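What follows is a single structure, written as structure tokens, with notes after it.
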Amino acid sequence: MVAKDIVTPRRWAAEILRTQGLTPFREIVTPDLFRSSLPAPPCPWTVLIPEVVFWLMVTVALSGDGSMAGAIAAFCAPLRALWPHLPAKPITEEAFCIARSRLPRRFFRRLFAAVVLGFDKQFSQAYRWHGLRLMGIDGMDFDLPHSAQLRQAYPPPSNQHGSRRRPQARLVGLVGLQEGICRDFRLVPLGCSEQRCARSLRRKLRPGDLLLADCNFANYELMASVSCRGADFLCRLQSNRFHKVARRGTPSGRRDEWYAVLRVPAAVRKHLPEAPAALRVRILQYQVPGFRPSRLITSLLDVAAHPYEQVVPLYHERWRQETQHREWKYTLHISNLRSKTPAGILKEVLVQLTLNNLIRHVMAEAGATEHRPVDLKFLEAKRLILAALPAMAAAPTERLASLYRYLLRDIAGEVIFVRPGRSYPRRFDHRPRNKGHGKAAQPARAAATAEASHGTI
């Protein structure tokens, strides 16, 4: 039995975090932030205090495919050299699971929100397009572990795998397209649509935001709600949406853009009493060489401040969110969760996305004014942080600042190369896509003869 005057949980926590070299993140998520996120103090002699539990989960997320037992062993091994009186196995995996289950979800939610707020305070005026913050909204699906509780909360899809089907969840996120910060998200079953999640995520929008979204979100309710929040939107339109609405020319005189007035349905105004009776929008038509014509709808009506030549390429910034989904899945291994309960899964996802925001925060410091965080390699930034941990763990306190500057310098050098002209066409882009009920969408690739009648980019 270890005497209480030899080691205390506070010394445990401080020494564990220092020896594991998590200093780059502790400047952002400070001990005071943990105390404010969970005001009720833990038991005075509890080793697994909330701060230690959180950083253990971050360690597992950073290591990727590592197990929780291995992370706990690596976390606590250096302490035996400092305090020989400690038992050989001071923390068990079962004890960690119990401590994690006792932490309320609001604790992880508050940490997630505090990191986003801290980023905004430090980089409030950075990463803007014509003074607007570019925001994206989209969803992705991923598998969950086999569990009766998860199967009930997140039913598997109906496919050919039968009883082998794994539970699946849908993650719909609101992200900053120029800094890569996840602003908010919803974790729902597959039966909950992305549009329904978007209705709750829109509350995070504010004046000065520009929401970029795919054609699935170009509906009356989303456009009206975004306008009510004082924000703007830029969405891609389906080929059969609003094509019969009366057109009015813009001051630019271009034939491939026009104004339109959309009458908001009564059903939408019933759910949104503050919604206007009509929306004045601007529709732009363009065609990428070799592809079918496409249309965009936006609330950016001033053609002088936001000309056609800038708005059309801007929409394709939305694809950065698809890249971020890939990074969440394969760099942070968000699809390799371990909990067997819905509450545990949500806590793990909160930690994963908080880690994403922490890495993006470090990348923003590294890029400074030269590069945006999305212009730097996320995977290499994670690897450099992992490589810097042993050096920061062994270094004295006075050298940590210089080691951190070296880390930022190395991350700033990992710039994503822009390779114009490269194309990765999908295999069946030349075929019509089956939409069900006897309907089919046009093939993505079109004949080059149709390009002359539309604007090209």
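So the sequence shown is residues 714 to 1170, counted in the numbering used here.
Quick reminder that beta carbons are idealized off the backbone N, C-alpha and C, glycines included.
Because the structure is a prediction, the values reported are computed rather than measured.
Inset, instruction - Within 10 angstroms of the Cβ of Thr805, are there 16 or more other Cβ atoms? Answer buried if so, exposed if not. - result: Classification of Thr805: exposed, given that the 10 Å Cβ count is below 16.
Inset, instruction - Keeping to the same chain, check which residues put their C-beta closer than 8 angstroms to that of Asp927; ignore five residues upstream and five downstream. - result: Spatial neighbours of Asp927 in its own chain (CB-CB distance under 8 angstroms, excluding positions within 5 residues in sequence) are listed in chain order as Asp851, Cys948, Arg949, Arg1031.
Legend entry - C-alpha distance - Ala866 paired with Val1062, whole-angstrom precision: Those two C-alpha atoms are separated by around 16 angstroms.
Inset, instruction - Classify Glu764 as helix, strand or coil using the three-state DSSP reduction. - result: DSSP, reduced to helix, strand and coil, places Glu764 within a helical segment of the structure shown.
Inset, instruction - Pick out whichever of Val977, Ser940, Gly966 has its Cα sitting closest to the Cα of Phe955. - result: For Phe955, the nearest C-alpha among the options comes from Val977.
Legend entry - Whole-angstrom distance between Phe898 and Leu914, CA atom to CA atom: Computed Cα separation, rounded: 7 angstroms.
Legend entry - Buried versus exposed call for Leu1066 [16 or more other C-beta atoms within 10 Å across all chains shown]: Leu1066 counts as buried, since at least 16 other C-beta atoms from the protein chains shown sit within 10 angstroms of its C-beta.
Inset, instruction - Mind reading off the beta-carbon distance from Cys895 to Gly886? Whole number of angstroms is fine, and I expect it under 8 angstroms. - result: Going by Cβ atoms, the distance from Cys895 to Gly886 rounds to 5 angstroms, so yes, they are a contact pair.
Legend entry - Closest by C-alpha distance to Ala1077, when choosing among Leu1113, His1046, His1029, Gly1126: Ala1077 has its Cα closest to that of Gly1126, out of Leu1113, His1046, His1029, Gly1126.
Legend entry - Residue range of the beta strand (DSSP E) that includes Glu970: That run of the beta strand (DSSP E) goes 970-976.
Legend entry - Pairwise C-alpha distance: Thr1054 and Ala808: Spanning the alpha carbons of Ala808 and Thr1054 requires a straight line of approximately 17 angstroms.
Inset, instruction - Output the boundary residues of the beta strand (DSSP E) element that contains Leu923. - result: Residues 922-926.
Inset, instruction - Compare the Cα-Cα distances from Leu923 to each of Gly962, Ser906, Leu847, Gly893 and report the closest residue. - result: Looking at the Cα atoms, Leu847 is the closest of the given residues.
Inset, instruction - Select from Pro920, Gly893, Gln891, Met936 the residue whose C-alpha is nearest the C-alpha of Gln908. - result: Closest by alpha carbon: Met936.
Inset, instruction - Give a yes or no on contact between the segment 1010-1025 and the segment 991-999, applying the rule of three or more CB pairs nearer than 8 angstroms. - result: Taking 8 angstroms as the limit for Cβ pairs, the verdict is that the segment 991-999 does touch the segment 1010-1025.
Inset, instruction - Pair every Cβ in the segment 1103-1111 with every Cβ in the segment 1042-1061, then say whether three or more of these pairs are closer than 8 angstroms. - result: As far as the Cβ criterion goes, the segment 1103-1111 does not touch the segment 1042-1061, which means the pair count is below three.
Legend entry - Per-residue burial, Asp854 [other beta carbons within 10 Å of its own, 16 or more giving buried]: Around the beta carbon of Asp854, a 10 Å sphere encloses fewer than 16 other beta carbons of the protein chains shown; the residue is thus reported as exposed.
Inset, instruction - Look at the alpha carbon of Arg960 and the alpha carbon of Leu1059, and state the distance between them as a whole number of angstroms. - result: Distance between the alpha carbons of Arg960 and Leu1059 is about 47 angstroms.
Legend entry - Cα-Cα separation between Pro752 and Asp969, rounded to whole angstroms: Whole-angstrom Cα-Cα distance: 58 angstroms.
Inset, instruction - Have a look at Gly921 and Leu845 and give me their C-alpha separation to the nearest angstrom. - result: Spanning the two alpha carbons is a distance of roughly 5 angstroms.
Inset, instruction - Check Asn1147 in the structure and name its three-state DSSP category. - result: It is a strand residue.
Legend entry - Endpoints, alpha helix (DSSP H) assigned at Val829: 818-835 is the span of the alpha helix (DSSP H), which, as asked, contains Val829.
Inset, instruction - Compute the distance between the beta-carbons of Pro1156 and Arg1144, then report whether it is under 7 angstroms. - result: By the CB criterion at 7 angstroms, Pro1156 and Arg1144 fall inside the cutoff.
Legend entry - Rounded straight-line distance, which links the Cα of Ala882 to that of Leu900: Taking C-alpha positions only, Leu900 is separated from Ala882 by approximately 7 angstroms.
Legend entry - Whole-angstrom distance between Ser1007 and Asn953, CA atom to CA atom: Roughly 11 angstroms separates the two Cα atoms.
Legend entry - the segment 929-945 / the segment 973-990 touching (three or more Cβ pairs under 8 angstroms): Segments in contact, yes.
Inset, instruction - Out of Arg1158, Ser814, Leu1009, Pro986, state which residue places its alpha-carbon closest to the alpha-carbon of Gly1003. - result: Of Arg1158, Ser814, Leu1009, Pro986, the residue nearest in Cα terms is Arg1158.
Inset, instruction - Return helix, strand or coil for Cys941, following the three-state DSSP convention. - result: Three-state result, Cys941: helix.
Legend entry - Rounded straight-line distance, which links the Cα of Arg748 to that of Val1128: Answer to the nearest angstrom: the Cα atoms are 37 angstroms apart.
Inset, instruction - Within the same chain, show all residues whose beta-carbon is closer than 8 angstroms to that of Glu987, passing over the 5 residues directly before and after it, in chain order. - result: The beta carbon of Glu987 sits closer than 8 angstroms to the beta carbons of Cys941 from its chain, once the five residues preceding and following it are set aside; these are given in chain order.
Inset, instruction - Just grab the DSSP bridge partners of Gln881 for me. - result: Per DSSP, the beta-bridge partners of Gln881 are Asp856.
Legend entry - Buried or exposed by the 16-neighbour rule on C-beta atoms within 10 Å, applied to Pro668: Only positions 714 to 1170 of the chain appear in the structure, and residue 668 is not among them; the question remains open.
Inset, instruction - Specify, as a first and last residue, the run of the beta strand (DSSP E) that Leu992 falls within. - result: Leu992 -> beta strand (DSSP E) spans 991-1000.
Legend entry - Extent of the continuous alpha helix (DSSP H) run through Cys910: Per DSSP, the continuous alpha helix (DSSP H) segment holding Cys910 begins and ends at 907-914.
Inset, instruction - Locate the alpha helix (DSSP H) running through Leu1099, then write down its first and last residues. - result: In the DSSP annotation of this structure, the continuous segment of the alpha helix (DSSP H) that includes Leu1099 starts and ends at 1091-1107.
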